[in-house]
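Numbering (UniProt numbering), first residue to last: 1 to 224.
The beta carbon of each residue, even a glycine, is placed where N, CA and C say it ideally should be.
Bear in mind that the values here come from a model prediction, so they are computed numbers and not experimental data.
Below is one structure, written out as structure tokens; comments come after it.
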Amino acid sequence: MKVLIIEDERELADSIITYLSSEQFICEPAKDFNAAMEKIHLNDYSCIVLDLTLPNGSGLDILRELKKQQKEDGVLIISARNSIDDKIEGLNLGADDYLAKPFHLAELGARVAAIIRRKSFGGQNIIAIDHLTLDLSDKTLKHDGQPVSLTRKEYELLLYFISNKNRVVTKESIVEHLWGDDIDMADSYDFIYSHIKNLRKKLIQAGCPDYIKAVYGMGYKFSI
């Protein structure tokens with residue numbers, strides 16, 4: 001799941017990215033208002049960690065833009081401005097949660113995970129589809145109660161497919177969601193084919209149907 005970190009304090013932003021990356025989130029930074037606005041127009045995120053006080057603008061204006069664009073990205077506000085007015089305005093503009101600075105990274109991680117669960121999986125930690133059981137807490141997969149060993153990218157790919165089940169997802173959206181700023185999408189999609197091939201093979205070997213279908217000229221569909 002991809003998370004946008006909109007925070008101008010470099011040390012804090014780096015700490016958040018390091019922690020969330022260790023929790024298997026894909027993180028992208030935006031260090032000021034203009035960079036943040038560009039990213040929210042170009043991409044979709046499972047969650048946005050948003051500081052209210054930014055160079056060149058306000059985090060509240062970013063919330064207004066998300067609302068104007070009818071985007072469904074989850075939003076966790078982080079701010080040293082721990083006033084009730086900020087909380088009320090931010091939540092009224094569509095934010096999902098508010099965390100005052102300073103905070104523990106573990107609490108921030110838990111709140112980000114909770115927002116993603118509510119937005120994408122109905123608030124559930126255990127996702128059951130057909131004979132598959134995906135545990136979002138310990139990031140494990142079982143088929144009929146038996147563990148299925150996945151690499152980190154295979155797990156992230158499966159989670160992305162499940163969150164978009166029965167919908168066609170393009171190769172471009174898979175690359176953008178799972179790798180974000182860390183990949184040059186213009187070069188080659190060979191690495192995507194390899195990850196999908198390996199994931200399909202592991203699921204079939206575990207006894208699953210062939211859930212992942214190629215849709216010619218468009219992308220892939222996780223069909224239940």
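Range covered by the alpha helix (DSSP H) that runs through residue i
i, result
"Glu-23", "That residue, Glu-23, is in no alpha helix (DSSP H); it is neither H nor E in DSSP."
"Ala-114", "105-121"
"Glu-176", "171-179"
Which of helix, strand or coil DSSP assigns to residue i
i, result
"Leu-4", "strand"
"Met-185", "In this prediction, Met-185 scores a pLDDT of 49, lower than 50, which makes its location untrustworthy; no coordinate-derived value is stated."
"Gln-146", "strand"
"Glu-135", "Looking at the sequence shown, residue 135 is not Glu but Asp. Reduced to three states, the DSSP call for Asp-135 is strand."
"Leu-52", "coil"
"Leu-159", "helix"
"Phe-222", "strand"
"Glu-38", "helix"
"Ser-79", "strand"
"Tyr-193", "helix"
"Asp-96", "coil"
"Glu-65", "helix"
"Ala-30", "strand"
"Ser-46", "coil"
"Ala-214", "strand"
"Arg-10", "helix"
"Gly-207", "coil"
"Glu-89", "helix"
"Asn-166", "coil"
C-beta contact flag for residue i and residue j at 8 Å
i, j, result
"Leu-99", "Ile-78", "yes"
"Asp-73", "Asp-8", "no"
"His-195", "Lys-2", "no"
"Lys-201", "Glu-154", "no"
"Pro-29", "Ile-5", "yes"
"Ala-95", "Val-75", "yes"
"Val-148", "Lys-142", "yes"
"Arg-64", "Leu-93", "yes"
"Lys-171", "Gly-219", "yes"
"Phe-161", "Ile-212", "yes"
"Val-168", "Lys-87", "no"
"residue 248", "Ile-40", "Residue 248 is absent from the model: the chain starts at 1 and stops at 224."
Residue i: first and last residue of the uninterrupted beta strand (DSSP E) it sits in
i, result
"Ala-128", "126-129"
One or two residues paired with residue i in a DSSP bridge
i, result
"Thr-151", "None; Thr-151 has no bridge partner."
"Leu-141", "Leu-134, Val-148"
"Gly-58", "Note that residue 58 is Ser in the sequence shown here, rather than Gly. Answer is Thr-53, bridged to Ser-58."
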